[in-house]
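So the protein sequences, as listed, match chains A and B. Under the working numbering, think of the first position of the first sequence as 1, with each following residue one higher. Under the working numbering, think of the first position of the second sequence as 1001, with each following residue one higher. Single-structure report; data block below.
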Amino acid sequence: MAEKLLKKGNEAIALAAIRYGVDGYFGYPITPQSEVMETLMEEMPWETTGMVVLQAESETSSINMLYGGACCGKKVMTSSSSPGISLMCEGISYMAGSELPCLVVNVTRGGPGLGTIQPSQGDYFQAVKGGGHGDYKTIVLAPASVQEMYDFVGTGFDLAFKYRMPAMILSDGAIGQMMEKVELRPQVQRLTDKEIAEKYGDWATTGKSGRKANFISSLALEARDMEQINLRLQAKYRLIEETEVLFEKHLCDDAEYLLVAFGSSARICESTVEMARSKGIRMGLLRPITLFPFPTRIIQAMLPQLKGIMSVELSAGQMVEDIRLAVNGAVPVEFFGKMGGIVFSPEEVLNAFTAKFNL
Amino acid sequence: MQTTMDNDIIKPENLVYGKSKVLTDTVMHYCPGCTHGVVHKIIAEVIEEMDIQDRTIGVCPVGCAVFAYKYIDIDWQQAAHGRAPALATATKRLYPDKYVFTYQGDGDLASIGTAEIIHACNRGENIVVIFINNAIYGMTGGQMAPTTLLGMKTATTPYGRKAELNGYPLKITELVAQLEGTCYVTRQSAQNPASVRKAKKAIRKAFENTTQKKGTSFIEIVAACNSNWKMAPVKANKWMEENMFPFYPLGDLKDR
């Protein structure tokens, strides 16, 4: 029988980390995600799976602990919230440049600056456009439920290791704090040191036993070398755009109008769609699950049936730019959002929609 | 006649000294007179003598030693500026049986990476820290370091370091020695055969400490950067002895 518990989104992240055979978690407390490390410390996985859990002195240090752990071919992760993720962006850039897998969870809060501890989606740009310096991407997964918080730990690591790059779960304070039923998955065994040495021996720094020495660096002083690294990274990102797009459609088959929303905004928009339908408006909802890669082609394929699109975000309008790039002027693309930790109601979304499209 | 003598000299039974097998044949980028090459050599010798080449993971810094991975034939991670102790922390905790060390300069360890080194030492991570203190930023061209002496001229203190403008030189090794997590803290140098032998002994002891779970071993090497000090190598070593050693006295600060 399936093992089901009532858990907060943040707690689900911690339980998933243990169950998915994660080797190390390194974090620093910040609201609204501190339950992740608190749950791990309560669970004491070092006594069961052997997972290392460490409270670092800063987010800067935690991301660089990930860098060290990832260099060794280990499954390593951290979680934080917006200001902490800003500090981590240096390390994420290094890991992207060094082609290292890891999982970073952002339980986003309202910004800019120290901002508020209430939920926000204002870190979309930071997550999908890079965040740190240089031309790089991270795979970005946007959960809309506690179950997805749990499941995307596994999905994130699978993709991170498949492409040897950082993956991010872009959540928000609402999903992190709300409680829902979550089904736990069976325990995955951690890889042994020997298995890691065999599996990742061509790059990981596990000690050079029986092979030539490995070194991990993002440095290439020769411009021609650095160009080649960049071309390789970009080819990888194009491949990911081709093959790894995840999304969910809700009542889209006959839709004339489309809401696009991710994470907790999408939850709210589901109610908006039902309200619109009860008024005879043929509205659908597209929920991007991967924000990078963005479901550009999914939107493009729907254009012939659409009269208009509205992006609904807990921000000043960030994802809407990617929608407009996909649509390229074919239909009107509007935006509705709130900032600073304020969450809209389904009615407010519908009112904004009818006003913008004169319905 | 001369040829015969040369051949005699290179017979294996005549060799009294050789390059460590753990050092690669790559020509080092360090300036003639720089201390880095000597410290690399003794680290390689210790790794060879302890027979731990296959179990050692080094973390190199941002700074002149960023290319250390080219010279010592072990697995290396190249950290962001100042973050080497964070990488080493995770590496050692995830592989408790390996020998893990950081190799950092004064800008890397005592300026941008102050938080990382203090907390790694305070947690008592079972790692070795090799800290090269030449009182200047080498790789970027001779700017003031946290360890630059008062009065010392650098690219960013062209009239000499002044306390009221730049603060005081940081004795981070004394600071680290105060932390409960460190087991062995020592300040060495490597400008003559006697000091090289002592420094090597200290490095060996530090590597041995890490397997005994005693905490962090921290070795400062007071070093010369003759290029950025704008001195000939011999003069730089003399200047180091006369000016650096009084402020950064050599010897063990802690050994338990």
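Ideal placement from N, C-alpha and C gives every residue a C-beta, glycine not left out.
Three-state secondary structure assigned by DSSP to residue i
i: Thr1186 (chain B); result: strand
i: Lys1041 (chain B); result: helix
i: Glu244 (chain A); result: coil
i: Cys1034 (chain B); result: coil
i: Gly156 (chain A); result: helix
i: Met77 (chain A); result: strand
i: Lys1205 (chain B); result: helix
i: Val1129 (chain B); result: strand
i: Asn214 (chain A); result: coil
i: Tyr1069 (chain B); result: helix
i: Glu222 (chain A); result: coil
i: Ser1020 (chain B); result: coil
i: Pro32 (chain A); result: coil
i: Met1001 (chain B); result: Its pLDDT being 46, under 50, Met1001 (chain B) is placed unreliably by the model, and the measurement read from it follows with that caveat. In this structure, Met1001 (chain B) counts as coil in the three-state DSSP scheme.
i: Ile85 (chain A); result: helix
i: His250 (chain A); result: strand
i: Tyr975 (chain B); result: Residue 975 (chain B) lies beyond the range of chain B shown here (1001 to 1256); nothing can be said about it.
i: Cys72 (chain A); result: coil
i: Glu11 (chain A); result: helix
i: Asp402 (chain A); result: This structure cannot speak to residue 402 (chain A), because chain A is shown only from 1 to 359.
i: Met1152 (chain B); result: coil
Counted within 10 angstroms of its Cβ, other Cβ atoms place residue i as buried (16 or more) or exposed
i: Phe1067 (chain B); result: buried
i: Pro143 (chain A); result: buried
i: His133 (chain A); result: exposed
i: Phe1131 (chain B); result: buried
i: Ser80 (chain A); result: buried
i: Leu1128 (chain B); result: Correcting the residue identity first, residue 1128 (chain B) is Val in this sequence and not Leu. Buried is the call here.
i: Gln318 (chain A); result: buried
i: Tyr1168 (chain B); result: exposed
i: Thr60 (chain A); result: buried
i: Gln1104 (chain B); result: buried
i: Met44 (chain A); result: exposed
i: Glu227 (chain A); result: exposed
i: Met1001 (chain B); result: Only weak support is given to the placement of Met1001 (chain B): the predicted model assigns it a pLDDT of 46, under 50, and the question is left unresolved by the model.
Cutoff 8 Å: residue i Cβ touching any chain A Cβ
i: Met1001 (chain B); result: Model confidence at Met1001 (chain B) stands at a pLDDT of 46, short of 50, so the residue's coordinates are unreliable and nothing is read from them.
i: His1036 (chain B); result: no
i: Lys1041 (chain B); result: no
i: Ala1163 (chain B); result: no
i: Ala1079 (chain B); result: yes
i: His1029 (chain B); result: no
i: Val1129 (chain B); result: no
i: Trp1239 (chain B); result: no
i: Trp1229 (chain B); result: no
i: Asp1075 (chain B); result: yes
i: Asp1054 (chain B); result: yes
i: Lys1184 (chain B); result: It should be pointed out that residue 1184 (chain B) corresponds to Tyr in this sequence rather than to Lys. Output row for Tyr1184 (chain B): interface = no.
Cβ-heavy atom distance, residue i to the ligand SAM, below 7 Å
i: Gly1033 (chain B); result: Absence of the ligand SAM from the depicted structure is noted, as is the absence of any ligand whatsoever, leaving it without description.
Chain B contact for residue i (CB, 8 Å cutoff)
i: Glu90 (chain A); result: yes
i: Tyr136 (chain A); result: no
i: Cys252 (chain A); result: no
i: Ala96 (chain A); result: no
i: Phe26 (chain A); result: yes
i: Val107 (chain A); result: no
i: Ser79 (chain A); result: no
i: Asn64 (chain A); result: yes
i: Glu3 (chain A); result: no
i: Asn230 (chain A); result: no
i: Ser86 (chain A); result: no
i: Ser345 (chain A); result: no
i: Ala17 (chain A); result: no
i: Asn49 (chain A); result: Note that residue 49 (chain A) is Thr in the sequence shown here, rather than Asn. For Thr49 (chain A), the answer is no, since every Cβ of chain B falls outside 8 Å of its Cβ.
Cross-strand partners of residue i (DSSP beta bridge)
i: Phe1101 (chain B); result: B:Gly1058 and B:Val1128
i: Arg185 (chain A); result: Answer is none; Arg185 (chain A) lacks a bridge partner.
i: Cys102 (chain A); result: A:Pro166
i: Glu1220 (chain B); result: B:Phe1131 and B:Arg1187
* If you pair each beta-carbon of the region 1020–1028 of chain B with each one of the region 345–352 of chain A, do three or more pairs fall below 8 Å? -> With fewer than three CB-CB distances shorter than 8 Å, the region 1020–1028 of chain B does not count as touching the region 345–352 of chain A.
* Would you call the region 1159–1166 of chain B and the region 1188–1200 of chain B touching, i.e. three or more CB-CB distances under 8 Å? -> Inter-segment contact for the region 1159–1166 of chain B and the region 1188–1200 of chain B is absent: fewer than three beta-carbon pairs are separated by less than 8 Å.
* Please determine if the region 279–298 of chain A and the region 125–145 of chain A are in contact, where contact requires at least 3 C-beta pairs separated by less than 8 Å. => Segment contact: the region 279–298 of chain A against the region 125–145 of chain A, three or more CB-CB distances shorter than 8 Å; contact assigned.
* Is there contact between the region 306–319 of chain A and the region 114–124 of chain A, where contact requires at least three CB pairs shorter than 8 Å? -> A contact exists between the region 306–319 of chain A and the region 114–124 of chain A.
* Asked: Any chance the region 1235–1242 of chain B sits against the region 1043–1059 of chain B, with 3 or more Cβ pairs inside 8 Å?
  -> With a cut-off of 8 Å on Cβ pairs, the region 1235–1242 of chain B is not in contact with the region 1043–1059 of chain B, counting fewer than three such pairs.
* **At least three beta-carbon pairs within less than 8 Å, the region 101–116 of chain A to the region 164–171 of chain A** => Counting C-beta pairs closer than 8 Å gives three or more between the region 101–116 of chain A and the region 164–171 of chain A, which meets the contact rule.
* Asked: Touching or not, the region 14–24 of chain A and the region 75–82 of chain A, by the rule of three or more beta carbon pairs under 8 Å?
  -> The answer is yes - the region 75–82 of chain A touches the region 14–24 of chain A, with three or more Cβ pairs under 8 Å.
* Asked: Counting pairs of Cβ atoms below 8 Å between the region 239–258 of chain A and the region 108–118 of chain A, do you hit three or more?
  -> Below 8 Å, too few C-beta pairs join the region 239–258 of chain A and the region 108–118 of chain A to call them touching: fewer than three.
* Asked: Using 8 Å as the Cβ pair cut-off and three pairs as the minimum, do the region 276–290 of chain A and the region 324–340 of chain A touch?
  -> Pairwise C-beta distances place the region 276–290 of chain A out of contact with the region 324–340 of chain A, as fewer than three of them are shorter than 8 Å.
* To do: Answer yes if the region 49–56 of chain A comes into contact with the region 176–195 of chain A, meaning at least three C-beta pairs across the two stretches below 8 Å, and no otherwise.
  => Because the criterion of three Cβ pairs below 8 Å is met, the region 176–195 of chain A and the region 49–56 of chain A touch.
* Please confirm if the region 143–152 of chain A is in contact with the region 173–188 of chain A, defined as three or more CB-CB distances below 8 Å between the two stretches. => Taking 8 Å as the limit for Cβ pairs, the verdict is that the region 173–188 of chain A does touch the region 143–152 of chain A.
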